[in-house]
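Mapping the sequence shown onto the working numbering, position 98 (from 1) lands on 98, and the numbers just tick up by one.
Glycine included, each C-beta is placed from N, C-alpha and C at the ideal position.
Below is one structure, written out as structure tokens; comments come after it.
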Amino acid sequence: MNIVLLGSGNVATHLAKALKANGENVLQVYSRNLVNAKWLADQLSAEAVDDLSHINQSAELYIISVKDDAIEPVAASLAHVNGLVVHTSGTTDIQVLASHVKQAGVFYPLQTFSKLKDVSFLNIPLCIEATDQATLLILKQLAAKLSEKVYELDGEKRKVLHLAAVFACNFPNHLYAMANEILQENGLDFDIIRPLIAETADKVMNNLPENVQTGPAIRNDETTMSKHLGMLESKPEMKHIYQTLSNSIKLMLK
């Protein structure tokens, strides 16, 4: 397929590379920042553009991979194209596209992406949705070229999935950052807890999280928790998070 990519961020970068690796042809990369567009376009042998009026009008697929609040204005600029237009958002309704373009769909990869870390799309869940069956078939075929895990989800299920992903990915990563702050302030290196993080993640690959919960809260070890809270007196926000999560663990596992 001849594809125009609208966006040059983390998701756009990895998705475009996966598409190219599987024989698809990215014609253009659009970004408001031409430097960013060119950085990605050069890796795809594509044209870089920073003006929506310069978008190729004859592509078969237009992938909008921008911030959620920018999806609709970008879609509006594609009202006259005949190709399929999709977005990669976990929370944006398909009607945001359908109200502007002839063929609309969703192509949402459920993964955390960073530009400089390579990932394989083979096991990344690809969640698709379309306004009609013909469009859905196109997206199923495209998704199957990239991943072994393709799911047809409507907008409401996709929002639920995205919310769960924030709890499973974004919040734990923030907690890792807090752990690193505690370690660094006390002359310890983050490397010392990497094996712990890896083992914690590995356990839930074959077990439900509530069945492998460990730590002072599940043991109701008030002495240890009291000591930890005392160590956090100078960090009221961390102390509040510690108390909230410990109480939540106790309630969930009663």
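> How do the segment 84-97 and the segment 56-74 stand: do at least 3 beta-carbon pairs fall below 8 Å, yes or no?
Replying inline: yes
> Just the Cα atoms here: how many angstroms apart are asparagine 220 and threonine 214?
Replying inline: 11 Å
> Residues in its own chain within less than 7 Å of histidine 162 by CB, not counting five upstream and five downstream?
Replying inline: Gly90, Thr91
> Taking buried to mean at least 16 other C-beta atoms within 10 Å of its own C-beta, is threonine 224 buried or exposed?
Replying inline: exposed
> Are the segment 147-162 and the segment 121-132 in contact at 8 Å, needing three or more beta carbon pairs?
Replying inline: yes
>> Quick test of your reading: serine 99 and leucine 6, contact by CB under 8 Å. State the CB separation rounded to the nearest angstrom.
In response: Serine 99 to leucine 6, Cβ: 17 Å. No contact.
> Of all the options Gln28, Val49, Asn22, Leu27, which has the alpha carbon lying nearest to the alpha carbon of valine 35?
Replying inline: Val49
> Which residues in the same chain have their Cβ closer than 7 Å to the Cβ of valine 212, if we skip the five residues on either side of it in sequence?
Replying inline: Lys203, Val204
> With C-beta atoms as the reference, is isoleucine 182 less than 9 Å away from glutamate 129?
Replying inline: no
> Which of helix, strand or coil does DSSP assign to valine 86?
Replying inline: Strand at valine 86.
>> Classify cysteine 127: buried if its beta carbon has 16 or more other beta carbons within 10 angstroms, exposed otherwise.
In response: buried
>> Please classify histidine 14 as buried or exposed, where buried requires at least 16 neighbouring CB atoms within 10 angstroms.
In response: buried
> At what residues does the beta strand (DSSP E) containing glutamate 152 begin and finish?
Replying inline: 150-152
> Can you list, in chain order, the stretches of the alpha helix (DSSP H) that have 4 or more residues and sit fully within the segment 10-92?
Replying inline: Counting only runs of 4+ residues, the alpha helix (DSSP H) found wholly inside the segment 10-92 occupies 10-21, 34-44, 68-76, in chain order.
>> I'd like the list of long-range same chain contacts for lysine 159, defined as Cβ closer than 6 Å, with 5 residues on each side in sequence excluded.
In response: Thr91
> If you follow the beta strand (DSSP E) that asparagine 2 is part of, which residue opens it and which one closes it?
Replying inline: 2-6
>> So the candidates are Phe167, Asn186, Gln28, Asp189; which of them puts its Cα closest to the Cα of leucine 303?
In response: In this structure the chain extends from 1 to 254, so residue 303 is not present and cannot be described.
> So glutamate 129 is in the alpha helix (DSSP H); what residue range does that whole segment cover?
Replying inline: Counting along the chain, glutamate 129 falls outside any alpha helix (DSSP H), though it belongs to the beta strand (DSSP E) covering 126-130.
> Taking the runs of the beta strand (DSSP E) that are 3 residues or longer, which of them lie wholly in the segment 164-235?
Replying inline: none
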